[in-house]
Structures are given as C-alpha cells and as structure tokens.
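Shown next, in structure tokens, is the structure this report addresses.
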Amino acid sequence: MIHPSEAAGYTDYQHLATRMGHDLLERRILKQAGLWAREVHQGRGLFKLEGLVPMDDVILFLLKIAGLAETGRKNFLDVRILENAVFLPAMPAAFEGFRLLQLSDLHCDLDPALIDVVIQRLQEVTYDAAVLTGDYHNEIGGAHDRSLELMGRLVPHLKGPRLAVLGNHDFIEKVVFLEAAGLKVLLNEAESIERNGARLWICGVDDPHFFGTHDLAKARSPVPPGETAILLCHSPETFRQAAELGYALMLSGHTHGGQICFPGGFALVKNAPVPRRLLAGSWQVGGLAGYTSRGTGACGVPARFFCPPEITVHILKRSP
Ligand SMILES: [Fe+2]
Numbered sequence: 000m001i002h003p004s005e006a007a008g009y010t011d012y013q014h015l016a017t018r019m020g021h022d023l024l025e026r027r028i029l030k031q032a033g034l035w036a037r038e039v040h041q042g043r044g045l046f047k048l049e050g051l052v053p054m055d056d057v058i059l060f061l062l063k064i065a066g067l068a069e070t071g072r073k074n075f076l077d078v079r080i081l082e083n084a085v086f087l088p089a090m091p092a093a094f095e096g097f098r099l100l101q102l103s104d105l106h107c108d109l110d111p112a113l114i115d116v117v118i119q120r121l122q123e124v125t126y127d128a129a130v131l132t133g134d135y136h137n138e139i140g141g142a143h144d145r146s147l148e149l150m151g152r153l154v155p156h157l158k159g160p161r162l163a164v165l166g167n168h169d170f171i172e173k174v175v176f177l178e179a180a181g182l183k184v185l186l187n188e189a190e191s192i193e194r195n196g197a198r199l200w201i202c203g204v205d206d207p208h209f210f211g212t213h214d215l216a217k218a219r220s221p222v223p224p225g226e227t228a229i230l231l232c233h234s235p236e237t238f239r240q241a242a243e244l245g246y247a248l249m250l251s252g253h254t255h256g257g258q259i260c261f262p263g264g265f266a267l268v269k270n271a272p273v274p275r276r277l278l279a280g281s282w283q284v285g286g287l288a289g290y291t292s293r294g295t296g297a298c299g300v301p302a303r304f305f306c307p308p309e310i311t312v313h314i315l316k317r318s319p
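Here the sequence shown is numbered in numbering that gives the first Met the number 0, starting from 0 and rising by one per residue.
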C-alpha cells in the first residue's frame, strides 16, 4: 500500500498520458497548477475575495445563527439506500437483474464521520459491481492526504469489480493511490465485466466540468459494435454526446441534487449546464437512459436540506 502523502511521487505521467491522451493530461496539469496558484491568493476577482472570506464558512455561519447547522448535518449523515430500475433492451440476457452500486461526491475530508456511515450502510446492500462517479475530495487546492486516507479505508469494503472516474475536485495524482487501494480509475478508458460468457462494458471519462479532459469517443472505442456500453461521467453535462455515441446508460453525480433545496427538492443552486430534470434521479434522452446521483456526501458545508444523500443500486433489466 502506498502512503497517501507519497502518492504524487509515485505518479508516472508518461503512463497517464498514454491512458488518457497526452494533450488532455497536459491540459489537466495546467489547470491543476492554476488552482494551486489561486490557493495562494494569486487569483483575480472573485477568487481573491473567496480567499479572504471563504464562502463555505459564510454559509456555515449563517446556518449556525439560524439554528439549522445541527439539523443540516444530521440530514447530511442520513445516507439513504435507493434502488433504481434501469431498462436496457439491448443488454445481454446474462445481465438481467445485475445490481450496479453507485457512490458519488463523497468529498471525504469535509467531515470524516461520513465514511463510517457509508461503510456501515454498505453492509445492508447486495450488489454485483461498484462504480464511483468522482469528487473524493472537498477543498480543491488543499492537501489531499486526508481524503486519500479515508478512501483507503472505504475501498476494501466495496465488493465486486470496482470502477471509478475523477471529478472536478480531484487531482490526477490521486489515481495511483486509488488504484493501489483497489479501485480502477477510468481515464477515458473502458473495462468489461463478464457474466456467463456475455459482456457488459463500463466506460469512464475524466472530468468534463472544470478540467474539460473528457473523451467519450476514446472511452467507447474498445467496445465492439452491438455490445452494451455504460458511461461513467462525473457531470451529466455531456449527455447529448453520450446519446449520439450510442451509450446505453450514463451515470453521473456532481450536482448533489442541489444539496440545499426548497421543500420538494427544488435546487437553489444549479451547477451544471443541463435541463433541471437532469439534476437528480433518473432521466431519459433519446435512447440514452441516465441517472444523476444526489451524491453520497456533500460539498463545502456538511449540511443538506430536502435533498438526502444516497447510495444508489441500479438494477439492470431488459424490459419493464
Ligand atoms: Fe461534488
């Protein structure tokens, strides 16, 4: 096991370039460097203001004076297990009833109590494979050691094939640690799962929201014609391209379903350029079935209102 503090030193950038594409890796590293620069207050405008008065602290302060912080944290730790039936008519019969577990947006270091709750809740779920749709870390420019340690605790509790993509809060250097812990990170890549001689493909792309280093066509390229491909993409904002490329199912997170919502789950903040119906739960666009997780954790502030966190189990079926 590689210690998290040493993960960056183990990163083989040439190998990563062959996996995700040289130009996209270069783009990612440049953007990561920009984030670090802002962290030391070399940014402009709002980022400078954010450096002086962190917005998350302001929201937490407001929740405290309103007497809502405790309720918000209780809601944040109340992780629900949701089942979502997905109909994929062209899927091989061998995968009928296949149970695909999804975790998303854990942002582990925000509140370390979350991981123990998730580990406990996982004991109550049966599933055949696990996918994670990004954002393992909270404070983008800060040290990633704590979130890596917590992910190292969580991953051994996940069963079956364990596949993941990175989110807009994740640096590329954590790939080596996550993979050493037993999670296969898909960097515009695909892996197949076999069952009774049939195959199902899980394709995963790098973050499209901030880094813009996704390549849906490259991720799908190993899939032979006629075989079923499921896309993992941190944000649902690539849904049109996913439908055009013939993906059968797209699993995303990033939106947190709004995290702090009006009664009925109406999100106050919409952080992805998608129609509102794609912000949370199941959706359909043409032949593409989709699901946007409300997130298993939370970002910025350990609080949720009218938007419970979730562990999702997608049950794959060929017909309703
Ligand atoms: Fe997130």
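Note that CB positions come from ideal geometry on N, CA and C, so glycine has one too. Computed from a predicted model, the values in this text were never measured in an experiment.
Reduced DSSP secondary structure (H/G/I, E/B, other) of residue i
| i | result |
| --- | --- |
| I58 | helix |
| N74 | helix |
| D236 | In the sequence under discussion, the amino acid at residue 236 is Glu, which differs from the Asp named in the question. Three-state result, E236: helix. |
| V268 | coil |
| L278 | coil |
| Y135 | coil |
| K158 | coil |
| V116 | helix |
| V273 | coil |
| L29 | helix |
| A84 | strand |
| M90 | coil |
| C313 | Note that residue 313 corresponds to His in the displayed sequence, not to Cys. Of the three classes helix, strand and coil, the one that applies to H313 here is strand, per DSSP. |
| R18 | helix |
| G299 | coil |
| Y12 | helix |
| A220 | Residue identity differs from the one stated: residue 220 is Ser in this sequence, not Ala. Note: S220 maps to coil in three-state DSSP. |
| R293 | coil |
| S251 | strand |
| A197 | strand |
| E226 | coil |
| S318 | coil |
| E188 | strand |
| A288 | strand |
| F261 | strand |
| L231 | strand |
Reference residue i; option with closest CA among the options
| i | options | result |
| --- | --- | --- |
| H208 | A189, A16, L67, F238 | F238 |
| T291 | S103, I171, M150 | S103 |
| T212 | T70, A65, R27, E178 | R27 |
| F305 | Q240, I192, G263 | G263 |
| R145 | D127, K173, A297 | K173 |
| V222 | Q101, E188, E236 | E188 |
| F176 | L105, R152, R275 | R152 |
| I310 | E123, A89, L231 | E123 |
| N137 | G166, E243, G181, S220 | G166 |
| Y135 | P111, T125, L24 | P111 |
| A242 | L215, H253, A163 | L215 |
| P224 | A89, Y12, M19 | A89 |
| D169 | I118, R275, A142, V85 | A142 |
| E190 | R18, L24, G8, D11 | R18 |
| I139 | A32, H21, E25 | A32 |
| G133 | V284, P91, G203 | G203 |
8 Å Cβ cutoff met for residue i and residue j
| i | j | result |
| --- | --- | --- |
| N74 | H313 | no |
| L87 | L315 | yes |
| M249 | L230 | yes |
| D127 | L99 | yes |
| P308 | V273 | no |
| A297 | Q258 | yes |
| V184 | V154 | no |
| L105 | V300 | no |
| H255 | A271 | no |
| L157 | I201 | no |
| D205 | L186 | yes |
| Y12 | L24 | yes |
Alpha-carbon spacing of residue i relative to residue j, whole angstroms
| i | j | result |
| --- | --- | --- |
| D115 | Y246 | 34 Å |
| F210 | W35 | 14 Å |
| G336 | V130 | Because the chain in this structure spans residues 0 to 319, residue 336 falls outside the shown range and cannot be described. |
| R317 | T227 | 12 Å |
| G66 | L76 | 18 Å |
| Q101 | L113 | 16 Å |
| S251 | R293 | 9 Å |
| F46 | L199 | Residue placement at F46 cannot be trusted, given a pLDDT of 44 that sits under 50; the coordinates are not used to answer. |
| A266 | L147 | 29 Å |
| D108 | E69 | 18 Å |
| I80 | D56 | 30 Å |
| A197 | S281 | 26 Å |
| I118 | T125 | 13 Å |
| I64 | P160 | 45 Å |
| M54 | H233 | 23 Å |
Sequence-distant residues of the same chain with beta carbon closer than 8 Å to residue i, five excluded per side
| i | result |
| --- | --- |
| N195 | A93 |
Chain-order list of residues whose beta-carbon lies under 7 Å from that of residue i (same chain, five-residue window excluded)
| i | result |
| --- | --- |
| G71 | L62, A302, R303, F304 |
| S220 | none |
| L244 | L215, A216, R219 |
| P319 | F86 |
Proximal residues to residue i (C-beta, below 6 Å), its chain only, five neighbours per side dropped
| i | result |
| --- | --- |
| I171 | R27 |
| K30 | F210 |
Cβ of residue i within 8 Å of any chain D Cβ
| i | result |
| --- | --- |
| Q240 | Note that chain D does not occur in the displayed structure, where there is just one protein chain. |
Exercise. For ligand 3, which residues count as neighbours when the test is a C-beta closer than 5 Å to any heavy atom?
Worked result: In the structure shown, ligand 3 is absent; the only ligands present are ligand 1.
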